[in-house]
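K.L.:
Numbering (the working numbering), first residue to last: 1 to 175. Got a structure for you, questions after.
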């Protein structure tokens, strides 16, 4: 395990303009491999950023736009109520992240996820989950760095195996 310092990141509630930025940085088949396999239309991100602003207003947290040290949008991270009613950890608060390919392997996801855990705990959330495609080794590694434990395995609507990791927030000490 590397002992290098985590990068400095900034998180903000997504703006209307961030829909275009997310569309741009996620317009990569590698980034979308575990999210449907191909880039989404701009309208998907317009709806998603609008929904995140509503989550922030209602819950005090959302999927925030992630910016690097230079203030460039490199993806999102944060938490939201689990968005599906038919499978998965219904009723739970899910943390997640998605980064531009250029930001992979540099510690951004871990740094942002740790900030997310601090923010949701401050907002009164006692437990979070992370749903990760069983083949997504990079995201599984992030859940391990956060101290999350594999709790369940689900099959998604697209017949993919997904691992549900859980973390009790009262029991953790964040570095």
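Note that CB positions come from ideal geometry on N, CA and C, so glycine has one too.
Residue 72 lies in the alpha helix (DSSP H); which residues open and close that run?
P.N.:
Looking at the DSSP string, residue 72 is not in any alpha helix (DSSP H), and its letter there is neither H nor E.
K.L.:
Does residue 66 get closer than 8 Å to chain D when you measure Cβ to Cβ?
P.N.:
No chain D appears in this structure, which consists of one protein chain only.
K.L.:
What's the call for residue 65, buried or exposed, on a 16-neighbour Cβ count within 10 Å?
P.N.:
By the neighbour-count rule (16 or more Cβ atoms within 10 Å), residue 65 is buried.
K.L.:
Go to residue 11, then tell me how far its beta strand (DSSP E) extends in each direction, as first and last residue.
P.N.:
Segment 10-12, the beta strand (DSSP E) holding residue 11.
K.L.:
Looking at the secondary structure, which residues open and close the alpha helix (DSSP H) in which residue 98 lies?
P.N.:
Here residue 98 belongs to no alpha helix (DSSP H); instead the beta strand (DSSP E) covers 93-99.
K.L.:
Quick one, which of 104, 92, 70 has its alpha-carbon nearest residue 8's?
P.N.:
If we check each option's Cα against that of residue 8, 70 comes out closest.
K.L.:
Just reading off the alpha helix (DSSP H) that residue 59 is part of, what are its end residues?
P.N.:
Note, residue 59: alpha helix (DSSP H), 42-59.
K.L.:
Rounded to whole angstroms, what's the CA-CA distance from residue 12 to residue 151? Just pull it up for me.
P.N.:
Taking the straight line joining both Cα atoms gives about 30 Å.
K.L.:
Would you identify the three-state DSSP class for residue 161, choosing helix, strand or coil?
P.N.:
Reduced to three states, the DSSP call for residue 161 is strand.
K.L.:
State the DSSP-derived secondary structure class of residue 1, mapped to helix, strand or coil.
P.N.:
Low local confidence applies: a pLDDT of 46 at residue 1 is under 50, so the model's placement there is unreliable, with the coordinate-based value given in what follows. Reduced to three states, the DSSP call for residue 1 is coil.
K.L.:
Straight-line CA distance for residue 54 to residue 77?
P.N.:
Cα to Cα, residue 54 sits roughly 16 Å from residue 77.
K.L.:
So what does DSSP say about residue 25, is it helix, strand or coil?
P.N.:
Reduced to three states, the DSSP call for residue 25 is helix.
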